[in-house]
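The block underneath contains the structure these notes are about, expressed in structure tokens.
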Amino acid sequence: MQEYLTMMQIRFDKPFWRVRPMQVGVGSFAFLAGVEAIIRGMTLSVYPLVLYHAFGSAVLVSKIYFIIGVLSLFIALWVPLISTYIPRRWVYSFGMLCYVIAGLLGIYGGKVLAFALMLNSIATAISFVCYNAYVLSNIKKADFSQLETKRLFYGGLGWTIGPVFGVWLLSHWVIGPFVIVILGACCMISAFWRMRLGNGPVFNRTKRPSPNPFIYIPRFFSQPRLVAGWFFAVMRSCGWWVFIVYAGIFAIQKGLGDHVGGMATSVANMGLFLSPLMLRWMQKHSVRHAVIVGFLGFSALSLLAVLFSQIPIMTVLCLTGGAYFLVLLDICGGLPFLMAVKPSERNE
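For the sequence shown, counting from 1, position 33 maps to 33 in my numbering; every step adds exactly one.
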């Protein structure tokens with residue numbers, strides 16, 4: 001009897017819901033990014049289509065994306081300040097909750113989809129800032145290249161199959177893509193809490209932190225390398241969104257069908273599987289050389305897409321080919337910014 005009570009005491013001391021924490025490292029961060037790639041890849045080609053069908057105007061959809069993009073930028077700027085008052089782990093968890101609510105609004109459908117896109121973008125912005133802050137706090141600079149390559153490789157399935165599967169699922173089960181978004185967000189938050197990242201390190205300062213993020217702007221512009229790294233990342237993002245949003249709408253307007261945009265996005269994202277080869281090529285040359293080749297290649301094919309605008313399929317093919325240079329920029333375009341950030345300014 002005594003042995004039985006001792007055994008029961010051990011069981012109560014170690015509840016069944018306590019799981020072993022994930023080891024924090026390049027692999028765990030790449031896994032987290034891979035799960036998010038499923039969420040974002042699924043909605044990349046879905047939101048432009050459902051918004052276009054809901055509002056019936058490509059111009060209005062463009063305005064919605066612009067307004068939400070500006071809002072997401074301001075949210076991203078305020079996340080570091082919010083993290084000084086609210087623990088970073090709860091800020092990140094709130095971002096995952098936004099993914100869930102966005103999925104629920106997507107299931108509801110109609111013009112509410114604009115708010116679903118807004119919450120989805122807010123979740124992406126929060127996740128991006130917190131994820132990079134955790135990377136800077138837990139990954140060595142020497143491992144950045146390995147992480148970027150592994151992150152893209154792990155996300156290859158979500159980014160490649162997600163867009164075309166999302167459009168296919170949309171035509172067979174309207175709420176399907178949004179159900180997957182909800183499940184993916186739950187998986188992300190589960191993996192995040194198992195990693196037990198906490199709130200990140202706190203750096204000692206000689207003076208009090210600034211009251212809002214806009215006061216950091218003058219110091220930001222006083223560092224040319226930091227500005228250049230940020231500019232590269234912004235231009236890369238602009239290139240991706242031009243391709244993702246307008247390729248699908250352009251295909252519908254020219255009579256190519258709803259599935260062409262999703263197929264083009266999936267084919268473009270297949271370049272993620274070439275990321276290890278691109279990394280070797282970049283290491284053989286230099287980050288600077290890779291950035292130049294990436295921007296020149298995308299610009300040239302974008303110009304060809306404009307010249308062939310009267311031949312819709314050629315335009316889509318040129319944009320898809322240009323996206324492979326964006327994959328190269330995904331590997332090297334963010335490195336100048338990450339390497340230019342000072343340890344004491346990581347929170348900002």
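We treat Cβ as the ideally placed atom computed from N, Cα and C, and that holds for glycine.
**Asked** Where do the N-terminal and C-terminal ends of the alpha helix (DSSP H) with H53 fall, by residue?
**Response** Numbered from its first residue, the sequence shown carries residue 53 at position 53. In the DSSP assignment, H53 falls within the unbroken alpha helix (DSSP H) covering 46 to 55.
**Item:** Buried versus exposed call for L307 [16 or more other C-beta atoms within 10 Å across all chains shown]
**Value:** As a first step, residue 307 is located in the sequence shown; it is residue number 307 there, counting from the start. So L307 ends up on the exposed side.
**Request:** Compute the distance between the beta-carbons of F243 and A323, then report whether it is under 7 angstroms.
**Result:** Position 243 of the sequence shown, counting from 1, holds the residue named residue 243. Position 323 of the sequence shown, counting from 1, holds the residue named residue 323. Contact flag set, yes.
**Request:** Could you tell me how far apart the beta carbons of I68 and L117 are, in whole angstroms, since I believe they sit closer than 8 angstroms?
**Result:** The residue you call residue 68 lines up with position 68 of the sequence shown. The residue you call residue 117 lines up with position 117 of the sequence shown. That belief holds up - the Cβ atoms of I68 and L117 are roughly 6 angstroms apart, short of 8 angstroms.
**Request:** Write down every uninterrupted run of the alpha helix (DSSP H) in the stretch 245 to 272 whose length is 4 residues or greater and which is fully enclosed by it, in chain order.
**Result:** Entirely contained in the stretch 245 to 272, the alpha helix (DSSP H) runs reaching 4 residues are, in chain order, 259 to 269.
**Item:** Expected contact under 8 angstroms - CB spacing of L326 and R236 to nearest Å
**Value:** In the sequence shown, residue 326 corresponds to position 326, counting from 1. In the sequence shown, residue 236 corresponds to position 236, counting from 1. Contact flag correct, Cβ pair sits at about 6 angstroms.
**First and last residue of the uninterrupted alpha helix (DSSP H) at I182** = Stepping through the sequence shown from its first residue, residue 182 is reached at position 182. Here the alpha helix (DSSP H) through I182 covers 176 to 195.
**Straight-line gap, L113 to K284 (C-alpha atoms, nearest Å)** = As a first step, residue 113 is located in the sequence shown; it is residue number 113 there, counting from the start. As a first step, residue 284 is located in the sequence shown; it is residue number 284 there, counting from the start. The straight-line gap from Cα to Cα measures roughly 46 angstroms.
**Prompt:** Where does Q310 sit, in a helix, a strand or coil, going by DSSP?
**Reply:** In the sequence shown, counting from the first residue as 1, residue 310 sits at position 310. In the structure shown, Q310 sits in coil (DSSP, three-state: anything other than H, G, I, E or B).
**Message:** What ranges does the alpha helix (DSSP H) occupy inside the stretch 51 to 104, keeping only unbroken runs of at least 4 residues that lie completely in it?
**Reply:** The DSSP assignment places complete alpha helix (DSSP H) segments of no fewer than 4 residues inside the stretch 51 to 104 at 58 to 85, in order along the chain.
**Request:** Evaluate I331 with the Cβ neighbour count: other Cβ atoms within 10 Å of its Cβ, from every protein chain shown; 16 or more gives buried, anything less gives exposed.
**Result:** Taking the first residue of the sequence shown as position 1, residue 331 is located at position 331. Buried, by the Cβ-count rule.
**Prompt:** Run through DSSP, which three-state label would V24 get?
**Reply:** Here residue 24 is taken as the residue at index 24 of the sequence shown, counted from 1. For V24, the secondary structure class from DSSP, reduced to helix, strand or coil, is coil.
**Message:** Counting C-beta neighbours from all protein chains within 10 Å, is the total for T206 16 or more, i.e. buried, or is it exposed?
**Reply:** Here residue 206 is taken as the residue at index 206 of the sequence shown, counted from 1. Residue placement at T206 is flagged as unreliable, the pLDDT there being 45, under the threshold of 50; a coordinate-derived value is accordingly withheld.
**Message:** For L170 and V24, which I take to be in contact (beta-carbon distance under 8 angstroms), what is that distance rounded to the nearest angstrom?
**Reply:** The residue labelled residue 170 in the question sits at position 170 within the sequence shown. The residue labelled residue 24 in the question sits at position 24 within the sequence shown. With a beta-carbon spacing of about 36 angstroms, L170 and V24 fall beyond the 8 angstroms limit used to define contacts.
**Request:** Could you tell me which of V167, A142, I175, I82 sits nearest to V129, measuring between CA atoms?
**Result:** What you label residue 129 is simply residue 129 of the sequence shown in a count that begins at 1. In terms of CA proximity to V129, I82 leads the group V167, A142, I175, I82.
**Request:** Helix, strand or coil for A139, going by three-state DSSP, please let me know.
**Result:** In the sequence shown, residue 139 corresponds to position 139, counting from 1. Note on residue identity: the sequence assigns Ile, not Ala, to residue 139. Shown here, I139 sits in coil according to DSSP, grouped into three states, outside any helix or strand.
**Asked** So, is S286 buried or exposed, given that buried needs 16 or more other C-beta atoms within 10 angstroms?
**Response** Within the sequence shown, numbered from 1, the residue matching residue 286 stands at position 286. Residue burial is scored here from C-beta neighbours: S286 has fewer than 16 other C-beta atoms within 10 angstroms and is therefore classed as exposed.
**Message:** Using C-beta distances below 7 angstroms, list every residue in its chain close to Y355, excluding the 5 sequence neighbours before and after it, in chain order.
**Reply:** With the chain represented from 1 up to 348, any question about residue 355 goes unanswered, as that position is not in the structure.
**Asked** So, are the CB atoms of I175 and I107 less than 7 angstroms apart?
**Response** Taking the first residue of the sequence shown as 1, we reach residue 175 at position 175. Taking the first residue of the sequence shown as 1, we reach residue 107 at position 107. Cβ atoms of I175 and I107: closer than 7 angstroms.
**Request:** Please determine if the stretch 139 to 147 and the stretch 90 to 106 are in contact, where contact requires at least 3 C-beta pairs separated by less than 8 angstroms.
**Result:** No, the stretch 139 to 147 is not in contact with the stretch 90 to 106.
**Request:** Could you check the C-alpha separation between F250 and F232 for me, to the nearest Å?
**Result:** Mapped onto the sequence shown, residue 250 falls at position 250. Mapped onto the sequence shown, residue 232 falls at position 232. Cα to Cα, the separation comes out at about 26 angstroms.
**Request:** Look at the alpha carbon of S266 and the alpha carbon of S309, and state the distance between them as a whole number of angstroms.
**Result:** Taking the sequence shown and counting its residues from 1, one reaches residue 266 at position 266. Taking the sequence shown and counting its residues from 1, one reaches residue 309 at position 309. For S266 and S309, the distance between alpha carbons rounds to 21 angstroms.
**Prompt:** Excluding sequence positions up to five away, which residues of its chain have a Cβ less than 7 angstroms from the Cβ of L152?
**Reply:** Residue mapping note: residue 152 aligns to position 152 of the sequence shown, counting from 1. Counting only Cβ-Cβ distances below 7 angstroms, and skipping sequence neighbours, we find L272, S275, D330, I331.
**Helix, strand or coil at W168 [DSSP, three-state]** = In the sequence shown, counting from the first residue as 1, residue 168 sits at position 168. The answer is helix: DSSP assigns W168 an H, G or I state.
**Message:** Would G156 and I38 be called neighbours here (beta carbons separated by less than 7 angstroms)?
**Reply:** As a position in the sequence shown, residue 156 is number 156, starting the count at 1. As a position in the sequence shown, residue 38 is number 38, starting the count at 1. No. Outside cutoff.
**Asked** Beta-carbon separation of G248 and L49 under 7 angstroms?
**Response** The sequence position of residue 248 within the sequence shown is 248, counting from 1. The sequence position of residue 49 within the sequence shown is 49, counting from 1. G248 is a Cβ neighbour of L49, given a cutoff of 7 angstroms.
**Prompt:** V167: which of A264, H289, M188 sits nearest, CA to CA?
**Reply:** Reading the sequence shown from its first residue, position 167 is the one you call residue 167. Nearest to V167 by C-alpha distance, out of A264, H289, M188, is A264.
**Prompt:** Under three-state DSSP, which class holds W240?
**Reply:** Mapped onto the sequence shown, residue 240 falls at position 240. Three-state result, W240: helix.
**Request:** Determine the burial state of S127: buried for a count of at least 16 other Cβ atoms within 10 Å of its Cβ, exposed for fewer.
**Result:** Residue numbering aside, residue 127 sits at position 127 when the sequence shown is read from its first letter. Burial is judged here by how many other beta carbons sit within 10 angstroms of a residue's own beta carbon; S127 has at least 16 and is buried.
**Request:** Report the option in L105, T315, G257, Q253 whose CA atom is closest to the CA atom of P177.
**Result:** The count along the sequence shown starts at 1 and reaches residue 177 at position 177. Of the listed residues, the one whose Cα sits closest to P177 is L105.
**Message:** For a test of the three-state rule: what should DSSP assign to H285, helix, strand or coil?
**Reply:** Within the sequence shown, numbered from 1, the residue matching residue 285 stands at position 285. For H285, the secondary structure class from DSSP, reduced to helix, strand or coil, is coil.
**Residue range of the alpha helix (DSSP H) that includes Q146** = Along the sequence shown, one-based indexing puts residue 146 at 146. According to the DSSP assignment, Q146 belongs to the alpha helix (DSSP H) that extends over 144 to 154.
**Asked** Near G239, what residues of its chain come up, given a Cβ to Cβ distance below 6 angstroms and the 5 sequence neighbours on each side ignored?
**Response** To locate residue 239, count along the sequence shown from 1; it is residue 239. Excluding positions up to five away in sequence, the list reads F298, L326.
**Asked** Which residues in the same chain have their Cβ closer than 6 angstroms to the Cβ of A268, if we skip the five residues on either side of it in sequence?
**Response** One-based indexing of the sequence shown puts residue 268 at position 268. Residues T320, A323 of the same chain have their beta carbon placed closer than 6 angstroms to that of A268, with the five preceding and five following residues left out of the count.
**Prompt:** Under 7 angstroms, do I189 and S121 count as touching if we go by C-beta distance?
**Reply:** Within the sequence shown, residue 189 is the residue found at index 189, counting from 1. Within the sequence shown, residue 121 is the residue found at index 121, counting from 1. No. Outside cutoff.
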